[in-house]
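Engineer: Going by the numbering used here, the sequence shown opens with residue 1304, and the numbers climb by one from there.
Note that CB positions come from ideal geometry on N, CA and C, so glycine has one too.
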Amino acid sequence: MSSTEPQVPPASLDPVPGSGEDTDQLRVQVSVYSRFKPLQKRIVTGIAAVCGFLAQMSTTSVLAAVPEIVTTFETSATVINISNAVYLTFMGLSAFIWGPFADIFGRRQAYLSSLSLFLLFTIGTALAPRLEVFFLFRALTAFQGTAFLILGSTCISDIYHPTERATSVGWFLSGAAFGPAFGPVLGGIVVTYTTWRVIFWIQASFALVVLPLIYFALPETHHQLRVSELQGLSFGAKISKLWNWGNPTKVVEIYGNKNLLLVVLVTLWAHR
1304 MSSTEPQVPP
1314 ASLDPVPGSG
1324 EDTDQLRVQV
1334 SVYSRFKPLQ
1344 KRIVTGIAAV
1354 CGFLAQMSTT
1364 SVLAAVPEIV
1374 TTFETSATVI
1384 NISNAVYLTF
1394 MGLSAFIWGP
1404 FADIFGRRQA
1414 YLSSLSLFLL
1424 FTIGTALAPR
1434 LEVFFLFRAL
1444 TAFQGTAFLI
1454 LGSTCISDIY
1464 HPTERATSVG
1474 WFLSGAAFGP
1484 AFGPVLGGIV
1494 VTYTTWRVIF
1504 WIQASFALVV
1514 LPLIYFALPE
1524 THHQLRVSEL
1534 QGLSFGAKIS
1544 KLWNWGNPTK
1554 VVEIYGNKNL
1564 LLVVLVTLWA
1574 HR
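1. Do residue 1425 and residue 1503 count as a contact pair if the criterion is CB distance below 7 Å?
2. Helix, strand or coil: how does DSSP classify residue 1329 here?
3. If we count Cβ pairs, one from each stretch, closer than 8 Å, do we get three or more for the segment 1408 to 1418 versus the segment 1470 to 1486?
4. Only counting runs of 4 or more residues, tell me where the alpha helix (DSSP H) segments fall wholly within the segment 1358 to 1399, in order along the chain.
5. Could you have a look at residue 1339 and say whether DSSP puts it in helix, strand or coil?
6. Is the Cβ-Cβ distance between residue 1576 and residue 1548 less than 7 Å?
7. Determine, for residue 1376, whether the minimum Cβ-Cβ distance to residues of chain B falls below 7 Å.
8. Quick check on DSSP: helix, strand or coil for residue 1463?
9. Can you find at least 3 beta carbon pairs, one from the segment 1366 to 1381 and one from the segment 1433 to 1449, that sit closer than 8 Å?
10. When the distance is taken between beta carbons, is residue 1487 closer than 7 Å to residue 1366?
11. Would you mind stating whether residue 1359 and residue 1482 have Cβ atoms separated by less than 7 Å?
12. Tell me which same chain residues have a C-beta within less than 7 Å of the C-beta of residue 1552, skipping the five on either side of it?
13. Within 8 Å, do at least three Cβ pairs link the segment 1396 to 1413 to the segment 1446 to 1455?
14. Taking only runs of the beta strand (DSSP E) that begin and end inside the segment 1480 to 1560, which ones reach a length of at least 3 residues, in chain order?
15. Whole-angstrom Cβ separation of residue 1521 and residue 1350, contact assumed at under 8 Å?
16. For residue 1393 and residue 1431, which I take to be in contact (beta-carbon distance under 8 Å), what is that distance rounded to the nearest angstrom?
17. For the putative contact between residue 1462 and residue 1356, defined by C-beta atoms under 8 Å, what is the C-beta separation to the nearest angstrom?
18. So, for residue 1490: in the same chain, excluding its five sequence neighbours on each side, which residues have a beta-carbon less than 7 Å away from its beta-carbon?
19. Mind checking residue 1282: buried by the 16 CB within 10 Å criterion, or exposed?
20. Can you find the residues in the same chain that come closer than 7 Å, C-beta to C-beta, to residue 1329, ignoring five residues on each side of it along the sequence?
21. Under 7 Å between the Cβ atoms of residue 1531 and residue 1441?
22. Candidates 1508, 1443, 1505, 1541: which alpha carbon is nearest residue 1389's?
23. With DSSP run on the structure shown, which of helix, strand or coil describes residue 1430?
24. Taking C-beta to C-beta, are residue 1526 and residue 1410 nearer than 7 Å?
25. Reducing DSSP to helix, strand and coil, say where residue 1448 ends up.
Right, here's the structure in full:
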């Protein structure tokens, strides 16, 4: 009796009749993730991490400066802390806008638009002459910050196969996680030696450095821009399609999925 083990035939890309379509789809998926060189992918990851850091740093950098801001605007610490709550609220709301925007017009355009507005509104916060103006520009700045978090994970998903994303996602989340820790340190150093307004000038400087980096080094990672579907349509049809794609209520409808809703509730309970 032979002791030789049975030979397993080599795997085939098209093992059975009718599977050619699946093979074509697999090849398309592979080509989608092979569009960019490793260096380009690392650049995208680096930009995502830096922007994630900037978004999160801006949420906490003002905490150490609350007493100085209170003195400047002749108000109370409670009122200034409310501005931080408003900041976080607007960060949550803006996800309904920037997510659809990135799908329609592309990740690159969303990055450039949100970072440009972040820069302008941060400068507005630094120059705020009154408390009301301070509140307004803080809220508008927050509305842009969420885009960095959405776009970072989205770009990584665009360029890396699911089995290759772990390291890149780790770098992105490291930047986002380091931001809240660095913010109070920056704010504390600034208010020790100068005015609280310098905090926002530093944030604006960060944005000003990253903006040309995105313009010259960040490629469009989206596989297919939906805006191309608008060509040849009438103005009314374009508006109708844009509203259908970007309707914020569609994001809310996702939570109708019982499994997703359960995950959200468990996450909220864990962070209570």
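Structural biologist: Put simply:
1. Their beta carbons are under 7 Å apart, which means residue 1503 touches residue 1425 by this criterion.
2. With a pLDDT of 48 at residue 1329, under the threshold of 50, the predicted position of this residue should be treated as unreliable, though the coordinate-derived value follows. Residue 1329: helix per DSSP, three-state reduction.
3. no
4. 1369 to 1376, all fully within the segment 1358 to 1399.
5. coil
6. Any question about residue 1576 goes unanswered here, given that the chain covers just 1304 to 1575.
7. The structure shown has no chain B; it contains just one protein chain.
8. coil
9. yes
10. Taking 7 Å as the cut-off, the Cβ atoms of residue 1366 and residue 1487 count as close.
11. yes
12. none
13. Three or more beta-carbon pairs separated by less than 8 Å link the segment 1446 to 1455 to the segment 1396 to 1413, which places the two stretches in contact.
14. none
15. Right, the Cβ-Cβ distance comes to about 6 Å (below 8 Å), so this counts as a contact.
16. Their Cβ separation, rounded to whole angstroms, is 16 Å, which puts residue 1393 and residue 1431 out of contact at 8 Å.
17. No, residue 1462 and residue 1356 are not in contact; Cβ-Cβ is about 20 Å, not under 8 Å.
18. In its chain, beyond the 5 residues on either side, 1364, 1365, 1366, 1367, 1368, 1502 have a beta carbon closer than 7 Å to the beta carbon of residue 1490.
19. Since the first residue shown for the chain is 1304 and the last is 1575, residue 1282 is missing from the structure and cannot be characterised.
20. Residue placement at residue 1329 is poorly supported in this model, since its pLDDT is 48, which falls under 50; the coordinates are not used for a value here.
21. no
22. 1443
23. The three-state reading of DSSP puts residue 1430 in coil, since its state is none of H, G, I, E or B.
24. No, Cβ-Cβ distance for residue 1526 and residue 1410 is not below 7 Å.
25. helix
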